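Trainee: So in the numbering used here the end of the sequence shown lands on 600, straight run, no missing numbers.
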Amino acid sequence: MSRSVITACGILASAPSGVGATPRPTSGVAVDAADVRAAAERLSGWAASFTIPAPGAPESRSPIPGARAVYLALRMSGRTVGTATERIGATEESNAETTAFLMRRAAGRAMSALLADTTVGSAREALGDRIGPLIAVEFEAAGPMEPLRGRTWERLAEQVDPGLDGIALRCGDEMALLFPSQLRASGSAASVDRRFTALALELGLPYAEYDVLQRDFDARAYRFSAVHAVQRGPGRPIRVTHRGGFVVPPQDVTAHAIAEAADRLIDHILSSLVAETDVIGLRGDYTPTADRYAPALAPPRDVLLVVAALGRYAATPGLVEHRRSRAHTAARILLTATCDGLAARGEADRRMEVGTACMLVLAVADLPVTEYAAPLIAERLADAVATLRMLPDDPEGLPDAAAALGGLALAIAADRGLGDPSMSEHARRLLDRLWERTPPGAWPNLLPWAAWPPATPADQDRTEELIRMLAAAQLGRDEAPASDDLHGGIDLSPRRSGRADAQSLRPGAAVARILTDHPASLTAEGQARAHGMLQGLLRFALQLAVRDEDLWAFPSPDRAIGGIRTAPWHADQPVAAQAMGLFLLSDALRLTPGNPERAP
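(1) Under 8 Å Cβ to Cβ from A157, same chain only, skipping five residues before and after it: list those, please.
(2) Where does the unbroken alpha helix (DSSP H) through L178 begin, and where does it stop?
(3) Tell me L115's beta-bridge partners as DSSP assigns them.
(4) Leaving out five residues on either side along the sequence, give the residues of the same chain with a beta carbon under 6 Å from the beta carbon of Y71.
(5) Is R220 helix, strand or coil when you go by DSSP?
(6) From the DSSP output, read off the bridge partner residues of P147.
(7) Does V227 pass the burial test, meaning 16 or more other C-beta atoms within 10 Å, or should it be called exposed?
(8) In three-state DSSP terms, what is I377?
(9) Under the rule that 16 or more other beta-carbon atoms within 10 Å means buried, what is L566, buried or exposed?
(10) Is DSSP giving L584 helix, strand or coil here?
(11) In terms of DSSP beta bridges, what is R79 paired with?
(12) Sorted by chain position, which residues of the same chain lie with C-beta nearer than 7 Å to L203's C-beta, five sequence neighbours on each side aside?
(13) Answer with buried or exposed for G281, where buried requires no fewer than 16 other C-beta atoms within 10 angstroms of its C-beta.
(14) Using only the alpha-carbon positions, how far apart do A8 and W452 sit?
(15) From what residue to what residue does the alpha helix (DSSP H) around G508 run?
(16) Whole-angstrom Cβ separation of A500 and D491, contact assumed at under 8 Å?
(17) Would you mind reading off the limits of the alpha helix (DSSP H) that contains T197?
(18) Using C-beta distances below 6 Å, list every residue in its chain close to T99, excluding the 5 sequence neighbours before and after it, in chain order.
(19) For the segment 240-271, list the alpha helix (DSSP H) runs that are entirely contained and at least 4 residues long, ordered along the chain.
(20) Going by beta-carbon coordinates alone, are I467 and A427 separated by less than 8 Å?
(21) What does the alpha-carbon distance come out to for the pair D412 and A261?
(22) Excluding sequence positions up to five away, which residues of its chain have a Cβ less than 6 Å from the Cβ of Q159?
(23) Hey, would you say A509 sits closer than 8 Å to F554, going by beta carbons?
(24) Decide if A116 is buried, meaning its Cβ has at least 16 other Cβ atoms within 10 Å, or exposed.
(25) Pop quiz: T336 and A357 are said to be a contact at Cβ under 8 Å. What is the actual Cβ separation, rounded to whole angstroms?
(26) Between the segment 568-579 and the segment 281-292, do at least 3 Cβ pairs fall closer than 8 Å?
(27) When burial is assigned at 16 or more other CB atoms within 10 Å of the CB, is H487 buried or exposed?
(28) With contact counted as at least three CB pairs below 8 Å, one residue from each stretch, are the segment 306-316 and the segment 361-371 in contact?
(29) Can you determine whether any heavy atom of the ligand ADP sits closer than 7 Å to the C-beta of T241, and answer yes or no?
(30) Ignore the nearest five residues each way along the sequence and tell me which others in A378's own chain have a CB closer than 8 Å to its CB.
(31) Report yes if the CB atom of R462 is closer than 8 Å to the CB atom of A471, and no otherwise.
(32) Mind reading off the beta-carbon distance from Y210 to T152? Whole number of angstroms is fine, and I expect it under 8 Å.
(33) Straight-line CA distance for L447 to D415?
(34) The alpha helix (DSSP H) that contains F540, what's its start and end?
(35) Check whether the segment 223-241 touches the segment 511-528, counting contact only when three or more Cβ pairs, one atom from each stretch, lie closer than 8 Å.
(36) CA-CA distance, A259 and G419?
Below you can see the structure in the form of structure tokens.
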């Protein structure tokens with residue numbers, strides 16, 4: 001998946017074209033979680049004491065019947081300092097005897113890797129064996145290997161449940177495998193076709209398509225589920241995870257939890273601010289597992305989308321003053337710095353790129369006029385409006401999301417007095433024709449932009465149908481079963497894959513805005529359906545947000561906490577996803593006035 005899961009200009013990588021087949025069931029796990037937890041607890045004790053029992057010693061036994069392989073990682077301050085994988089023979093039966101010393105063998109290898117780590121070496125020089133209490137453990141046991149069928153790596157990858165399944169490739173008695181936790185950590189859980197080719201190279205096989213390796217080398221590909229246990233910090237108890245995380249139960253979606261998530265998300269955004277003598281801006285997409293931003297500075301459109309989200313949050317009625325003030329201040333700083341940058345590199349004819357123009361107008365939609373009346377910002381807004389005037393009434397030739405964003409920007413410009421009133425009609429013509437030309441199955445492409453302007457009475461049937469369609473694609477409802485951590489997300493895949501990621505925030509932000517700004521565009525039944533759907537979407541948004549219990553995997557917890565992840569199986573935190581999450585949470589707060597414990 002591309003890092004830009006939601007591009008700031010709203011032009012999305014791959015548009016949903018409707019819904020299709022039901023999701024396949026995940027592979028079964030024939031490993032007892034209690035056995036895995038017991039093994040991990042034993043491993044934790046060894047790490048803390050910095051000693052491992054002798055090979056074959058009774059105290060080194062940790063039977064895990066049903067396991068075909070184990071993976072373990074030793075961590076210090078969120079950084080992996082030693083890993084190892086061990087498996088039983090390809091033809092061996094997995095029972096108490098064949099698995100008894102798997103964990104001990106892996107622990108020995110991981111400890112050797114730890115001792116070779118230069119950072120650990122420096123710490124050990126200072127602390128000696130007292131380094132043991134600084135180590136936390138991660139342990140995973142693979143269940144049965146399930147054969148995959150298909151001719152291409154891409155077809156095999158479609159059968160792998162991201163973040164829950166590991167993959168393996170066997171050639172004769174040799175096998176190479178990657179556990180779900182390894183795929184999640186590398187950000188490749190949803191793109192394992194490339195990892196299959198890496199396994200082939202590891203086995204000494206040539207670079208070729210799967211059917212060739214199957215025919216010429218009798219190679220066989222598998223998927224497997226695993227039980228995953230982690231210690232969230234040195235000395236902490238062992239917990240079994242689901243997809244490396246912990247499921248947010250529906251009852252936890254309270255107004256207090258929504259407010260807290262929004263507050264933490266603001267903190268996360270502010271932690272990405274760059275305010276130096278010669279540079280003011282926002283850092284780019286963040287990869288928590290590597291503690292890396294890319295690009296170093298976010299592009300103007302991403303920054304302006306964040307400004308718009310900060311402005312929407314700051315305008316939330318009843319917000320505590322210090323929270324409102326810091327959001328306004330951050331929005332002002334970023335808006336001024338971005339306009340300054342645009343002016344510095346502006347063309348002689350002062351024409352502005354369409355996507356940037358749309359985002360600049362969106363950025364001031366909820367800000368007080370005083371925030372954008374300064375000459376520098378006003379001049380750039382005038383340039384943006386001039387660009388918007390050139391948008392055609394007919395969206396033919398424009399990408400769906402770009403046309404939707406253009407219509408929204410025209411409507412905002414008219415509403416905020418940035419252009420003449422005719423821009424409102426211009427926006428209506430553009431959006432009406434866009435909705436008419438777009439098949440209902442592709443309506444999610446237009447969200448949230450096309451759903452934010454007020455609907456006319458003639459739009460009510462369409463809005464009602466949009467809500468029905470989104471509800472039908474929401475996981476955990478009716479005929480859309482899903483893993484517990486995906487409940488409430490919206491499956492936007494062309495074929496109903498049973499997956500949901502941060503793309504769900506787009507329809508989520510659309511539904512929340514319909515309910516806050518123009519609920520009359522829905523019947524009472526439609527409003528009830530939308531409220532029910534919003535409850536699930538908020539649960540999923542809280543699932544995507546990094547919480548305290550998720551920080552065990554990240555070397556810089558302060559940077560990751562509160563941020564919105566790309567997916568439960570992908571830790572990256574795109575700038576645009578942070579903004580879209582803040583739009584959703586801000587409008588949810590507007591739906592819970594006066595009662596801090598009432599959820600929407």
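Just so it is clear, CB atoms sit at the ideal spot from N, CA and C, and this is done for glycine as well. Please read all numbers here as calculations on a predicted model, not as lab measurements.
Mentor: Inspection of the coordinates gives the following:
(1) Here residue 157 refers to the residue found at position 157 when the sequence shown is read from its first residue. So the qualifying residues of the chain are S191, V192, D193 and F196.
(2) As a first step, residue 178 must be located in the sequence shown, where it is residue number 178. For L178, no alpha helix (DSSP H) segment is defined; the enclosing uninterrupted segment is the beta strand (DSSP E) at E174 to L178.
(3) Here the question's residue 115 lines up with position 115 in the sequence shown. Answer by DSSP bridge pairing: none, since L115 is not bridged.
(4) Here the question's residue 71 lines up with position 71 in the sequence shown. So the qualifying residues of the chain are T85, E140 and F179.
(5) Here residue 220 is taken as the residue at index 220 of the sequence shown, counted from 1. DSSP, reduced to helix, strand and coil, places R220 within a strand of the structure shown.
(6) The residue given as residue 147 occupies position 147 in the sequence shown. Paired residue(s): Y222.
(7) For the purposes of this step, residue 227 is taken as residue 227 along the sequence shown, with counting starting at 1. By the 16-neighbour rule on beta-carbons within 10 angstroms, V227 is buried.
(8) For the purposes of this step, residue 377 is taken as residue 377 along the sequence shown, with counting starting at 1. I377 falls in the helix class under three-state DSSP.
(9) The residue given as residue 566 occupies position 566 in the sequence shown. What sits at residue 566 in the sequence shown is Thr, not Leu. T566 is buried by the Cβ-count criterion.
(10) Mapped onto the sequence shown, residue 584 falls at position 584. In this structure, L584 counts as helix in the three-state DSSP scheme.
(11) Sequence index remark: in the sequence shown, residue 79 carries index 79 (1-based). DSSP, once it has assigned bridges, lists M76 as partnering R79.
(12) The count along the sequence shown starts at 1 and reaches residue 203 at position 203. For L203, where only same-chain residues beyond five positions count, the Cβ hits under 7 Å are L169, C171, E174 and A176.
(13) In the sequence shown, residue 281 corresponds to position 281, counting from 1. Buried.
(14) For the purposes of this step, residue 8 is taken as the residue at position 8 of the sequence shown. For the purposes of this step, residue 452 is taken as the residue at position 452 of the sequence shown. Here the model assigns A8 a pLDDT of 38, short of 50, so the residue's position is not dependable, and the following value carries that caveat. In a straight line, the C-alpha of A8 is about 16 Å away from that of W452.
(15) As a first step, residue 508 must be located in the sequence shown, where it is residue number 508. Segment L505 to D517, the alpha helix (DSSP H) holding G508.
(16) Position 500 of the sequence shown, counted from the start, is the residue given in the question as residue 500. Position 491 of the sequence shown, counted from the start, is the residue given in the question as residue 491. About 6 Å separates the two Cβ atoms, so the contact holds.
(17) Translated into positions along the sequence shown, residue 197 becomes position 197. Per DSSP, T197 belongs to the alpha helix (DSSP H) from V192 to E202.
(18) One-based indexing of the sequence shown puts residue 99 at position 99. The answer, listed in chain order, is P63, I64 and A67.
(19) Runs of the alpha helix (DSSP H) lying entirely within the segment 240-271, each at least 4 residues long, are 255-271 in chain order.
(20) Position 467 of the sequence shown, counted from the start, is the residue given in the question as residue 467. Position 427 of the sequence shown, counted from the start, is the residue given in the question as residue 427. Contact: no.
(21) Residue numbering aside, residue 412 sits at position 412 when the sequence shown is read from its first letter. Residue numbering aside, residue 261 sits at position 261 when the sequence shown is read from its first letter. For the record, residue 412 in the displayed sequence is Ile; it is not Asp. A direct Cα-Cα distance of roughly 28 Å separates I412 from A261.
(22) Position 159 of the sequence shown, counted from the start, is the residue given in the question as residue 159. Cβ neighbours of Q159 beyond the five flanking positions: L148.
(23) Against the sequence shown, residue 509 aligns to sequence position 509. Against the sequence shown, residue 554 aligns to sequence position 554. A distance of 8 Å or more separates the beta carbons of A509 and F554.
(24) Taking the first residue of the sequence shown as position 1, residue 116 is located at position 116. Classification for A116: exposed.
(25) Taking the sequence shown and counting its residues from 1, the one referred to as residue 336 is at position 336. Taking the sequence shown and counting its residues from 1, the one referred to as residue 357 is at position 357. Actually they do not touch by this definition, with Cβ atoms about 17 Å apart.
(26) Proximity of the segment 568-579 to the segment 281-292 meets the contact definition, three or more beta-carbon pairs being nearer than 8 Å.
(27) The count along the sequence shown starts at 1 and reaches residue 487 at position 487. The residue in question, H487, is buried, as its Cβ has 16 or more Cβ neighbours within 10 Å.
(28) Touching, per the Cβ criterion.
(29) Among the components modelled here there is no ligand, and therefore nothing to report on the ligand ADP.
(30) The count along the sequence shown starts at 1 and reaches residue 378 at position 378. Closer than 8 Å at Cβ, skipping near neighbours: Y372.
(31) As a working mapping, residue 462 is identified with position 462 in the sequence shown. As a working mapping, residue 471 is identified with position 471 in the sequence shown. The answer is no: Cβ separation not under 8 Å.
(32) The residue given as residue 210 occupies position 210 in the sequence shown. The residue given as residue 152 occupies position 152 in the sequence shown. Contact flag correct, Cβ pair sits at about 6 Å.
(33) For the purposes of this step, residue 447 is taken as residue 447 along the sequence shown, with counting starting at 1. For the purposes of this step, residue 415 is taken as residue 415 along the sequence shown, with counting starting at 1. Going from the Cα of L447 to the Cα of D415 covers about 20 Å.
(34) Position 540 of the sequence shown, counting from 1, holds the residue named residue 540. Residues A524 to L544.
(35) Fewer than three beta-carbon pairs drawn from the segment 223-241 and the segment 511-528 are found closer than 8 Å, and the two stretches are therefore not classed as touching.
(36) Translated into the one-based positions of the sequence shown, residue 259 becomes position 259. Translated into the one-based positions of the sequence shown, residue 419 becomes position 419. Roughly 35 Å between the two C-alpha positions.
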